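Data block below; observations after.
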Amino acid sequence: MQFSTQAIHSGYTPNELDGAIIPPLHLSTTFKFGNQNNYDYSRSGNPTREILEKTLSSLDGNTHGLAFSSGSSTLATIVSLLDPGEKILFSSDAYGGTYRFIVNVAAREGKEYSITDFTDLEETEAILQKENIKIVWVETPTNPLLKVTDIKKLASITHKQNAYLIVDNTFASPIFQQPAEYGADIVVYSTTKYINGHSDSIGGFLSTSNKELYQRLKFLQNAYGTMLSPFDSWLTLRGLKTLELRMARHGENAEALAHFLDKHPKTSKVYYPSLFHGTQGEIVKKQMRHPGGMISIELRPDSNVQAFLNATKYFPLAESLGGIESLIDHPATMTHGSIPKEEREKIGLSDSLLRISVGIENIQDLLSDLESALKKA
């Protein structure tokens, strides 16, 4: 099956009892013992959540999936796999919430970490050889600078050291990128973003084909109680069914806006994967079906950023991304505000950087809106 067919027809078959075409919402917290599927308590397993887990893991090309209450709870559960003395290696250009949890929460509980630039695989391999790294956590593309990492090469050097490679595929979705195909042990998402796609449900997800890892993580999820609620599972499953259609429009709009912004005299820099050259450009072409729906920009130093933000009609200033609506985020004070300024400056995340989540609105309306706002900047 291709993606859209798989999203609509995987994980659930209308039963003989009621014949419902759309998977039902199971709100029950408890189940009578002895039922055919061995459900007992919804924290441990819920029919609606299980349909989502089967469907999304199949889109990733994996055999097992777990749906979580948020992307952050997915990260927290995976980090709890670390035994004393083992470390997690993550990106210097990571989502602020990832940095916040690992550095300010997990580290205070005794978990150890190292930080690297995954575009430099020689440095990454040296760290893996020297330190007791058990988990490698990489975003590709990264948030918000959209750097890409060669997943296949990173998987190879990770597995040589008997570590697990976890790829945060939130920005690409399974439609634009398949990390498991290139060797990722676990693929993770904030389903709040493109997977749900309607900005009305917070959630997280992981998929894997490693049965032992899945069983350990399922045990931890049940112990922590970090599962996704039945209603949020139903909402996310509903959004998932139109994912391929939405991603096509997100990508088409973003590509048009990126090229428009790249040529505009009011912008000094535009970050978008199809504009990358050299090794970064080669990686994009090799492992991504499309460069995606996210753009980051810097306006020229003499521009009035606040005037620009105030003038947009279809790009409200707000956190999050991947919904049907377009949004603009100021990472330094919003999504990445928990990263110290000196650390942001090291990776090139300037105070003037703006991150744009391109929605599925009419492209002419979006272009006209940005053109008008840039004139006022």
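All letters in the sequence shown, in the order written, are residues 2 to 378 by our numbering. For every residue, glycine included, the Cβ atom is placed at its ideal position computed from N, Cα and C. If you're wondering where the values come from, they're calculated on a predicted model, not measured in any experiment.
Item, Value
"Pair within 9 Å by beta-carbon distance, T125 and L155", "yes"
"Where the alpha helix (DSSP H) through Y225 begins and ends", "K212 to Y225"
"Given Y42 as reference, the closest of L310, A319, M228 and S304 once Cα atoms are compared", "M228"
"Same chain, Cβ closer than 7 Å to N133, five either side skipped, listed in chain order", "G86, E87 and K88"
"Candidates I22, H27, T6 and N16: closest to D233 by CA position", "H27"
"Sequence ranges, beta strand (DSSP E) only - wholly within the stretch 41 to 128, length at least 3", "65 to 69, 88 to 92 and 113 to 117"
"Collapsed DSSP secondary structure at R247 in the structure displayed", "helix"
"Alpha-carbon spacing of I167 relative to V80, whole angstroms", "11 Å"
"Range covered by the beta strand (DSSP E) that runs through D330", "L328 to D330"
"Per-residue DSSP class, three states only, for E256", "helix"
"Bridge partner(s) assigned by DSSP for V359", "Answer by DSSP bridge pairing: none, since V359 is not bridged."
"Neighbourhood of F309 by C-beta distance below 6 Å, restricted to the same chain and skipping five residues each side", "A374 and A378"
"Residue closest to L83, alpha-carbon to alpha-carbon, out of A259, L221 and L262", "L221"
"CB contact flag (V188, N63, <9 Å)", "yes"
"Which listed residue (S191, N211 and T243) has its alpha carbon closest to that of S321", "S191"
"CB of L218 within 9 Å of CB of T334, strictly", "no"
"Cα-Cα separation, T99 to T141", "14 Å"
"Beta strand (DSSP E) segment containing T268, residue limits", "T268 to Y272"
"Which listed residue (L60, K33 and P24) has its alpha carbon closest to that of T49", "P24"
"Supposed close pair V359, A224 - CB separation, criterion 8 Å", "The pair is not a contact, with the Cβ atoms about 39 Å apart (cut-off 8 Å)."
"The stretch 144 to 152 in contact with the stretch 267 to 287 per 3-pair CB rule at 8 Å", "yes"
"Contacts around K270, its chain only, beta-carbon distance under 8 Å, and the 5 residues preceding and following it disregarded", "I298 and E299"
"Distance between beta carbons of T75 and F206, contact taken as under 8 Å", "7 Å"
"Nearest-angstrom beta carbon gap, S275 and G97 [assumed within contact, 8 Å]", "Not really, about 25 Å apart at Cβ, beyond 8 Å."
"Three-state secondary structure assigned by DSSP to T6", "helix"
"Extent of the continuous alpha helix (DSSP H) run through F177", "S174 to F177"
"For D370 and G204, the rounded distance between their alpha carbons", "31 Å"
"Straight-line gap, K55 to S11 (C-alpha atoms, nearest Å)", "7 Å"
"Strand pairing of S297, partner residues [DSSP]", "Y272 and R356"
"Residue environment, H251, which counts as buried when at least 16 other CB atoms sit within 10 Å", "buried"
"Distance between D19 and I348 (C-alpha atoms, nearest Å)", "56 Å"
"E344, enclosing alpha helix (DSSP H) - first and last residue", "K342 to K347"
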